[in-house]
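Okay, so here's the structure we're looking at.
In full-length UniProt numbering, the protein residues as written are 1 to 590.
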């Protein structure tokens, strides 16, 4: 069974309505249709529809649309392979396995066994439980985040894994055992263990917090085929439902994350290093996060971690705020009777990125002294020298620099311009390809929707027909669709691919509203749409000729353009006669 067959089998076993109902309260909205409040944007009147028979969802508000896989991808922040794996497991469909995924599955099983071992020992060691109670954690929090305990014995986990048929070498590959002086021993000893989970909630690594004085305070699993520290966030699976609301709180420590969850801030995640990484920022973006509150420790290292996070390549995709903690770290607030209120106040008073950058750049300096103003200006210059045509953070930062340093806007722009020309900037990116006019795009979407609504056995025949009737630019939406259809004619694949495009929402609106079953007037509707589309393409050519004529061309060019103008006008009139000969088929948007 190949991946395409697996997709169809999963769809046949899972109900789109039932899957969507886990996120949305759906009510009947006609035969085979259901509606509810869209989970992807805020609304008070339901505009989100599910068509069980067609296997499609669409929101008339935010234009999100697609099939079962597209919904799970968007709702859970997954890419297609991740959504495929999750839904296959739910549907009981075994996916084709390659050697590498098989090895990954074996490592996951080893880590799951290690987690079982650590959980068993937590409740058998009062010292470990007492430590967690001392930190203010409830039994519910300990259980929810899967905290465990690695006992002092050096080979307890080695023996436990052996009893379950796991060779010591596999434990080393999974990162829970380590080789020392020719022996394989437990990596974690006399430590509280924190399971680090992937987006599916599967354990992929551990962090151990020492209860004694031996070794480092925190010890991590080394990087493995399953675990890249810069690509994982602690508490991400637990936080993801709250992250979909658009806000994330990012902390340094694992205890800090659990503490804030316990205090009522379920959108909290923890980095596994000194600041947010590109991979971790991408996780937040996939979850739908727009605002990021950085609540790192209130020390110099915490401030450096905040600045590092603000300088990520993905940083312009978010609104950042720097939280001034009312304690050394968020974990301490768990022991304070007003901990929740104190942290809520800190969130409300968090500094926007621009204010934080200026405050850090001017810390300890006297802005009445010209040399200190210069230091602040030099510290903030890299962020103001943005390659983006319009960067809101850079613009606000410029305004603040002008206000606080007493510069004129022109002098600041002249200073930045001199720096841009002094270096060797990269050549500007090529201009984006011209996009079709709104009318042209709508007609292209009509044609594609008709093709995707056709019976399976007629699909390629109609693709051939379209290619003989119109000649869309390769960069057009229809041109890309026809190229995709030739390469991979499976319609589920085409729908899934198109759902990722900005124009995909409008396409799924048409598919949702199209009549069910085989349409006897499909060919007639398609031909009518293609005639109008040919006219639209001609109108675009005509607009370009008019623009060229307005440039006062030389006589030979003028003669050529006038001839082309007349030819296009005649072709447009011919197309209009063709589709006006009879009215458009009823029930079709074109």
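For glycine and all other residues, C-beta sits at the position ideal for the given N, C-alpha and C.
Under the three-state DSSP convention, the category residue i falls into
i	result
residue 219	strand
residue 80	helix
residue 206	strand
residue 271	coil
residue 64	coil
residue 356	helix
residue 491	helix
residue 36	strand
residue 172	helix
residue 434	Unreliable placement is indicated for residue 434, whose pLDDT of 39 sits below 50; no coordinate value is reported for it.
residue 193	strand
residue 149	strand
residue 565	helix
residue 54	coil
residue 131	helix
residue 382	helix
residue 233	coil
residue 426	In this predicted model, residue 426 has a pLDDT of only 39, less than 50, meaning its place in the structure is not dependable; the value taken from the coordinates is given anyway. In the structure shown, residue 426 sits in coil (DSSP, three-state: anything other than H, G, I, E or B).
residue 186	strand
residue 26	coil
residue 178	strand
residue 138	coil
residue 93	coil
residue 69	helix
residue 85	helix
residue 253	coil
Supposed close pair residue i, residue j - CB separation, criterion 8 Å
i	j	result
residue 361	residue 380	5 Å
residue 198	residue 232	7 Å
residue 489	residue 460	6 Å
residue 351	residue 359	7 Å
residue 271	residue 293	With 8 Å as the limit, residue 271 and residue 293 do not qualify as a contact, their Cβ atoms being about 13 Å apart.
residue 224	residue 180	Residue 224 to residue 180, Cβ: 18 Å. No contact.
residue 176	residue 189	The Cβ separation is near 11 Å, so there is no contact.
residue 154	residue 185	5 Å
residue 192	residue 208	7 Å
residue 104	residue 226	6 Å
residue 284	residue 248	5 Å
residue 444	residue 476	6 Å
residue 40	residue 62	6 Å
residue 111	residue 204	7 Å
Distance CB(residue i)-CB(residue j) smaller than 8 Å
i	j	result
residue 446	residue 497	no
residue 325	residue 295	yes
residue 318	residue 349	no
residue 269	residue 239	yes
residue 121	residue 152	no
residue 194	residue 160	no
residue 71	residue 19	yes
residue 264	residue 237	no
residue 50	residue 33	yes
residue 310	residue 374	no
residue 77	residue 288	yes
residue 354	residue 393	yes
residue 48	residue 27	no
residue 74	residue 64	yes
residue 56	residue 46	no
In DSSP terms, what residue i is bridged to
i	result
residue 59	48
residue 328	Note: residue 328 sits in no beta bridge, so no partner.
residue 291	247, 319
residue 351	322
Cutoff 7 Å; reference residue i; Cβ partners in own chain excluding five residues on either side
i	result
residue 312	276, 278, 281
residue 485	463, 494
residue 117	157, 160
Own chain partners of residue i with C-beta closer than 6 Å, once the 5 adjacent residues on each side are dropped
i	result
residue 391	none
residue 538	568, 571, 572
residue 132	142
residue 632	Given a span of 1 to 590 for the chain in the structure shown, any question on residue 632 remains unanswerable.
residue 267	239, 242, 243, 247, 248, 249
residue 372	365, 366
residue 535	572, 575
residue 548	561
residue 230	277, 279
C-beta neighbour in chain D for residue i, strict 8 Å
i	result
residue 370	Any reference to chain D falls outside this structure, which holds one protein chain only.
Residues near residue i by beta carbon distance below 8 Å, same chain, minus five either side
i	result
residue 595	It is not possible to answer for residue 595, since the shown part of the chain is limited to 1 through 590.
residue 432	Residue placement at residue 432 is poorly supported in this model, since its pLDDT is 37, which falls under 50; the coordinates are not used for a value here.
residue 467	482
residue 474	480, 483
residue 106	170
Heavy atom of the ligand SAM within 7 Å of residue i beta-carbon
i	result
residue 149	No copy of the ligand SAM appears in this structure; indeed no ligand is present at all.
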